[in-house]
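> A single structure is presented below for examination.
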Amino acid sequence: MRNLTIITALTALALSTAPAAADPSPSLLAPSGRHPVGTTSLYLKDTSRVDPWVPSVPYRELMVSVFYPAAPSGGPAKQFMTGAEARAVLEEAGVGDVPPTALTTVHTDAVVDARPVGRRHSLPLIVLSPGFKRPRAELTSLADDLASHDNVVVVVDHTYENVATTFPDGRVTGCAACGSYDLAFWAKLQRGRAADVSFVLDELTGRHPKWRGSGLIDTSRIGMAGHSVGGASAINAMITDRRIRAGIDIDGTTSDPLLAPGLDRPFLFLGRQNMYTPGTGDESDTWERDWAQLHGWKRWLVVAGMAHPSFTDIGLVGEQLGLDFGADTPAPRGADITRTYVRAFFDRHLGHTRQPLLDRPSPRYPEVVFAR
Numbered sequence: 053m054r055n056l057t058i059i060t061a062l063t064a065l066a067l068s069t070a071p072a073a074a075d076p077s078p079s080l081l082a083p084s085g086r087h088p089v090g091t092t093s094l095y096l097k098d099t100s101r102v103d104p105w106v107p108s109v110p111y112r113e114l115m116v117s118v119f120y121p122a123a124p125s126g127g128p129a130k131q132f133m134t135g136a137e138a139r140a141v142l143e144e145a146g147v148g149d150v151p152p153t154a155l156t157t158v159h160t161d162a163v164v165d166a167r168p169v170g171r172r173h174s175l176p177l178i179v180l181s182p183g184f185k186r187p188r189a190e191l192t193s194l195a196d197d198l199a200s201h202d203n204v205v206v207v208v209d210h211t212y213e214n215v216a217t218t219f220p221d222g223r224v225t226g227c228a229a230c231g232s233y234d235l236a237f238w239a240k241l242q243r244g245r246a247a248d249v250s251f252v253l254d255e256l257t258g259r260h261p262k263w264r265g266s267g268l269i270d271t272s273r274i275g276m277a278g279h280s281v282g283g284a285s286a287i288n289a290m291i292t293d294r295r296i297r298a299g300i301d302i303d304g305t306t307s308d309p310l311l312a313p314g315l316d317r318p319f320l321f322l323g324r325q326n327m328y329t330p331g332t333g334d335e336s337d338t339w340e341r342d343w344a345q346l347h348g349w350k351r352w353l354v355v356a357g358m359a360h361p362s363f364t365d366i367g368l369v370g371e372q373l374g375l376d377f378g379a380d381t382p383a384p385r386g387a388d389i390t391r392t393y394v395r396a397f398f399d400r401h402l403g404h405t406r407q408p409l410l411d412r413p414s415p416r417y418p419e420v421v422f423a424r
């Protein structure tokens, strides 16, 4: 739909028309849970299919970051982005007065390769998928926070759909999927991401898991959330993979219609008030269409004063660099809202704990409106 075709253009416009601040080292929000957070990066290779965007590559390769509750450690903190990724993000946004070091030196909290902690088969697994052209780094704060509250979180870079993905051997792939966009393109993108997510689940929970902490995962409690097209893809992933028990679309228009018999598992729409309030345009119409096919627990929440990047670390870091995305809600507040409602949803549906926050408006978060 229309907003998907301009979603990255909006980000680029906001960045390129705003001045840069002097502080070169922004910080992410610290995790709010009781656990320190560890992280590791994994290279995964699916030899069962060719790459959908570069058919000459006879496999699909992915980089993912795993975040998890960890023992206290004095190890190095995770780098927010590599130099190549930072340069590509700034170039795509048309920003010439922000140096790449402003993104490579962002202060983060997760400790690289810290020792995982938890009882065997005790932790939910949550998959996060970023927006089109966006690096997995943009969902770091959300992943950190969920991991600090007793979840394993895996954030996926969808190769050739991002402006830059850095592989362990030093290769950097660009955005082969970028170009012209129509409904068929967005449907292909969402279906391809669903295939990526299923493969990642196989690699983390199968007979020969690729992560040393995989024994902590409770495979009966798997969820998925994403931003923009990553959120829209959560529906596709849940339809094709019943291991995913609950899903969230964060500010993503759905271009691949949810058809009968629909979806019988919990789902949350969370988006901008000015874009996704029912009856406001093509974008909200796609949620309305899919809402009718959601037959399990469901909520439709909209947040006042938010811009598209407000739900991600792009908004959080950008505001500290002096960039204006057109949001009325300050970036730390937007990040707090996003983390709180996403965590409440997964605590309710994967952790099986009561969450009154999802049943009625909260005076703590007057920006959040129950649209449905």
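All residue numbers for the sequence shown refer to this note's numbering, where the first residue is 53 and numbers rise by one. The beta carbon of each residue, even a glycine, is placed where N, CA and C say it ideally should be.
#1: Okay, do the stretch 275-283 and the stretch 339-349 touch, 3+ Cβ pairs below 8 angstroms being the bar?
#2: Got a sec? Which residues, its chain only, sit under 7 angstroms from Arg172 by beta carbon, not counting five neighbours each side?
#3: My assumption, with CB atoms under 8 angstroms, is that Pro313 sits in contact with Ala423. Please give the rounded CB distance.
#4: Tell me whether Glu419 sits in a helix, a strand or coil according to DSSP, three-state version.
#5: Residues bridged to Val118 by DSSP?
#6: Am I right that Val215 and Ala284 are in contact with their C-beta atoms under 8 angstroms? What's the rounded C-beta distance?
#7: Could you please give the first and the last residue of the uninterrupted beta strand (DSSP E) stretch that includes Thr211?
#8: Find out if the Cβ-Cβ distance for the pair Phe219, Met133 is shorter than 9 angstroms.
#9: Could you tell me if Ala289 is buried or exposed, where buried requires 16 or more neighbouring beta carbons within 10 angstroms of its beta carbon?
#10: DSSP on Asp75, reduced to helix/strand/coil?
#11: Buried or exposed, going by whether 16 or more other CB atoms sit within 10 Å of the CB of Thr99?
#12: Looking only at C-alpha atoms, which of Ala166, Gly370 and Asp270 sits nearest to Leu142?
#13: For Gly282, which three-state DSSP category applies?
#14: Between the Cα of Ala195 and the Cα atoms of Asp334, Ala387, Gly333 and His210, which residue gives the shortest distance?
#15: In this structure, how does DSSP classify Ala383 when only helix, strand and coil are distinguished?
#16: To which residues does DSSP link Lys185 through a beta bridge?
#17: Any idea what DSSP makes of Leu409, helix, strand or coil?
#18: Indicate whether Thr381 and Val355 have their beta-carbon atoms separated by less than 9 angstroms.
#19: With burial defined as no fewer than 16 other Cβ atoms inside 10 Å of the residue's Cβ, what is the status of Thr160: buried or exposed?
#20: Report yes if the C-beta distance between Ala199 and Val164 is below 9 angstroms; otherwise report no.
#21: Since Glu213 and Phe184 should fall inside the 8 angstroms C-beta cutoff, what is the C-beta to C-beta distance between them, to a whole number of angstroms?
#22: Go through its chain and collect everything with a Cβ distance to Glu255's Cβ below 6 angstroms, but skip five positions before and after it.
#23: How is the beta strand (DSSP E) around Asp301 delimited, first residue to last?
#24: Is Val249 near Val179, with beta carbons less than 9 angstroms apart?
#25: Measure the alpha-carbon distance for Ala239 versus Pro124 and round it to whole angstroms.
#26: Could you pull the DSSP bridge partners for Glu137 from this structure?
#27: Under 8 angstroms by Cβ, that's how I've got Pro318 and Asp202 pegged, so tell me the actual separation to the nearest angstrom.
#28: Just grab the DSSP bridge partners of Asp161 for me.
#29: Per DSSP, Glu434 forms a beta bridge with which residues?
#30: For Pro168, does the three-state DSSP call read helix, strand or coil?
#31: Return helix, strand or coil for Ser84, following the three-state DSSP convention.
#32: Looking at the structure shown, is Ser272 part of a helix, part of a strand, or coil, going by DSSP?
Let me spell this out:
#1: no
#2: Gly267 and Leu268
#3: That pair is no contact at about 24 angstroms.
#4: coil
#5: Thr92 and Val206
#6: About 19 angstroms; that fails the 8 angstroms criterion.
#7: Premise fails: Thr211 is in no beta strand (DSSP E) and is neither H nor E.
#8: no
#9: buried
#10: Reliability of the predicted coordinates at Asp75 is poor, the pLDDT of 44 falling under 50, and the value obtained from them is presented with this limitation in mind. Asp75: coil per DSSP, three-state reduction.
#11: exposed
#12: Gly370
#13: helix
#14: Ala387
#15: helix
#16: Asn214
#17: helix
#18: yes
#19: buried
#20: no
#21: 6 angstroms
#22: Leu96 and Lys262
#23: Ile296 to Ile302
#24: yes
#25: 43 angstroms
#26: Answer is none; Glu137 lacks a bridge partner.
#27: That belief does not hold up - the Cβ atoms of Pro318 and Asp202 are roughly 19 angstroms apart, past 8 angstroms.
#28: Note: Asp161 sits in no beta bridge, so no partner.
#29: In the structure displayed, the chain extends from 53 to 424; residue 434 sits before or after that span and is not available.
#30: strand
#31: coil
#32: strand
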